[in-house]
Amino acid sequence: MAISSPLLYCFLSLWLGHAVHQLEASHQVYRNLPTYSQLTSSHHHPVNEPYRTGYHFQPPKNWINDPNGPLIYKGIYHFFYQYNPLDVVWGNIVWAHSTSTDLVNWTPHDAAIYPSQPSDINGCWSGSATILPGGKPVMLYTGIDSQNRQVQNLAYPKNLSDPFLREWTKIPQNPLMAPSQANQINASSFRDPTTAWLGPDKKWRVIIGGKTNQTGEAILYRSKDFLNWVKAKQPLHSAEKTGMWECPDFFPVSIHSQNGLDTSKIGPDVKHVFKVSLDNTRREYYTIGTYNIDKDIYIPDKGSVESDSGLRYDYGKFYASKTFFDSSKNRRILWGWINESSTVEDDIKKGWSGLQAIPRTLWLDKSGKQLVQWPAVEIEKLREKEVKLPSSVLKGGSVHEVLGVTAAQADVEITFGISDLKKAEVLDPSWTNPQLLCSQKGASVKGGLGPFGLLVLASKGLKEYTSVFYRIFIDHNKHVVLLCSDQSRSSLKKDNDKTTYGAFVNVDPLHEKLSLRSLIDHSIVESFGGEGKACITARVYPTLAINGDAHLYAFNYGTEDVKITGSAWSLKTAKIN
């Protein structure tokens, strides 16, 4: 019989009482880490740090990476993340913790989980929150144990009456899942447990990323009580030649609604999404498919693959993402880590590395073949000084400056209308890789229908700019829409990563207008094409187009005229630290 939620918490508390004394000494090491108040005391306003963001989540200093265990509890959003409290490079990893009532403004707290047991003494790596019956949260996370093995541990809030969940307690029975010769799990490839889900048989299930040789695996475990876990004979899903599967995510989506679903939801009106972060390529891919609860396997739909031709949340900088179900607004929220495109030396100079993408709402497209993403609506509360772009024609070869907005910290929504599609360039059959195509046909390469779009973080005279634009091709009788984010001229500084990104967008320009939304924030540009059907995030570090010297333009370098309409807003600075 499964242990009920109240009994589980009771047992956890009893076990803890026996273990407090032995943990005191190891806790003392991390008690000496700088607190958030100490870290923020040396923080400067972004005006003195041109690449610090105004409304993206980042701590005052040092290294961050994966989002961990996001959740909502008693009306408070909790965001945990991998953090090095001592340096600008990866290492000394703890779970930093901030809370919010609106996903925009954040209050920092001291580290929630940090090395203190033999099962995590060498690092507290990524994990996920699960809400037990009765609304009680627990965390499963990967610890690096005293033998440098990757093992799975459990922590729970010390005080459930505290809506900020400021203290977390580990059970002394950790680890709950560990590699061994018997279970044939690789001790260095066993990490990042997902949110668990409860099956009709009242057993909990969780998957952990792994690999056997170069076959990526979602290793499945089951438990009746959330404490004693048994490895399944076969993984939930696997794929050959994909390497280590990091940060897996597995969740249901509604076929008929944009509403999010609890992770345990199953039924005829539900599809499932499986996402992995590929350690070999540092890219993420997701598939949409069917969860066979009887066999405990996931079957991707035909055409969904974990490869270069597969679906991605974001076709630019975006990794180690994690979703959670926001029960207060019936939506699924996506978090993703955005790393730097600057050199380590530059990161050390600026004193920080990494930030988080704007939280995005996620749902299944009406086609059933892909997901759609859109910035959480709360970000719009930062909008001010709307500048309407009057409906006008952007002639071929022209550039139009958008005046009246703070171009370094802005939100732009623009729609393009094409009246004559006859001048679309023929799509060569070899042009199957959108990123390669965008790099070959950058913003400066003139075409028929496109490039047209936005020049953001642009300097006066256009010595520097990042271009986000569309091109339209014709493939037999079907139009193909390409979205590009071209960073090749984003900075006069030579040693930044200026990779150009690209994605094909499933939009029919014959019957639909092309939309583009870009969130611009000093050193990051998040762009949403086709009302969220394709997303591209870029990191850029202009030397001229900074703060008040940044400009924003709409442009059309194609030969055919394009109609434009839309709005741009200056965005206020969020309260994050």
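Reading the sequence shown from the start, the letters are residues -25 to -1, 1 to 552 in mature numbering (1 follows the signal peptide of the UniProt record, and there is no 0).
By construction, the Cβ of each residue, glycine as well, lies at the ideal position given by its N, Cα and C atoms.
In the three-state scheme derived from DSSP, where H, G and I count as helix and E and B as strand, E281 is classed as coil. A contact is defined here as three or more CB-CB pairs under 8 angstroms, and the stretch 180 to 187 fails this definition with respect to the stretch 295 to 313. When DSSP reads this structure, S493 sits in a beta bridge with V387, S502. Using a Cβ-Cβ distance cut-off of 8 angstroms, the stretch 156 to 168 and the stretch 84 to 97 are not in contact, since fewer than three pairs of beta carbons, one from each stretch, lie closer than that value. A Cβ-Cβ distance of about 6 angstroms is found for the pair I449 and L402, placing them in contact under the 8 angstroms criterion.
Within the stretch 417 to 490, there are no complete alpha helix (DSSP H) runs of at least 4 residues.
Following the DSSP letters along the chain, one finds K250 inside the beta strand (DSSP E) bounded by residues 245 to 253. Remark: C-beta atoms of F299 and P484 do not approach each other more closely than 8 angstroms.
Residue pairing by DSSP places S394 in no beta bridge whatsoever. Within the stretch 95 to 166, the complete beta strand (DSSP E) segments of 3 residues or longer fall at 99 to 107, 111 to 119, 125 to 132, 143 to 145, listed in chain order. In terms of Cα proximity to S279, the closest of A214, L330, E221 is A214. From the listed residues N452, Y528, V347, A86, the smallest Cα separation to L396 is found for N452. In the DSSP annotation of this structure, D321 is not part of any beta strand (DSSP E); the continuous alpha helix (DSSP H) holding it starts and ends at 319 to 325. Rounded to the nearest angstrom, the gap between the Cα atoms of T256 and S367 is 43 angstroms. Here K416 is buried. Its C-beta has 16 or more other C-beta atoms within 10 Å. Here H497 is buried. Its C-beta has 16 or more other C-beta atoms within 10 Å. Where S414 is concerned, the enclosing alpha helix (DSSP H) starts and stops at 409 to 415.
Each residue's CA atom was taken as its position, placing F293 and R258 some 8 angstroms apart. When P150, Q33, A332, Q122 are compared, the shortest CA-CA separation from E501 is found for A332.
Burial state of L61 is exposed, judged by a 10 Å Cβ sphere holding fewer than 16 other Cβ atoms. Leaving aside the five residues that flank S73 on each side, the residues in its chain whose CB is nearer than 7 angstroms to its CB run, in chain order, F54, W81, T82, P83, H84. The C-alpha of Q57 is placed about 24 angstroms away from the C-alpha of F201. In the three-state reduction of the DSSP assignment, G264 falls in the strand class. Fewer than three beta-carbon pairs drawn from the stretch 128 to 138 and the stretch 192 to 199 are found closer than 8 angstroms, and the two stretches are therefore not classed as touching. In the structure shown, D524 falls within a helical segment according to DSSP collapsed to helix, strand and coil. Its chain contains K488, S490, T540, G541 as the residues whose beta carbon lies nearer than 6 angstroms to that of T390, once the 5 sequence neighbours on both sides are disregarded; these appear in chain order. The Cβ atoms of L173 and S239 lie closer than 8 angstroms to each other. Between K36 and V63, the alpha-carbon positions lie close to 7 angstroms from each other. Judged by pairs of C-beta atoms under 8 angstroms, the stretch 353 to 366 does not touch the stretch 271 to 290, as fewer than three such pairs exist. H454 and S284 have their C-alpha atoms spaced approximately 19 angstroms apart. Counting of Cβ neighbours within 10 angstroms places P426 among the buried residues, the total reaching 16 or more. One Cα belongs to V480, the other to K469, and the distance between them is close to 31 angstroms. Beta-bridge partners assigned by DSSP to W70: Q57, I88. For Q348, the enclosing beta strand (DSSP E) starts and ends at 346 to 350. Distance check between S373 and each of S342, D472, F530 places F530 closest, using alpha-carbon atoms only.
Residue burial annotation: E142 is exposed, with fewer than 16 other C-beta atoms found within 10 angstroms of its C-beta.
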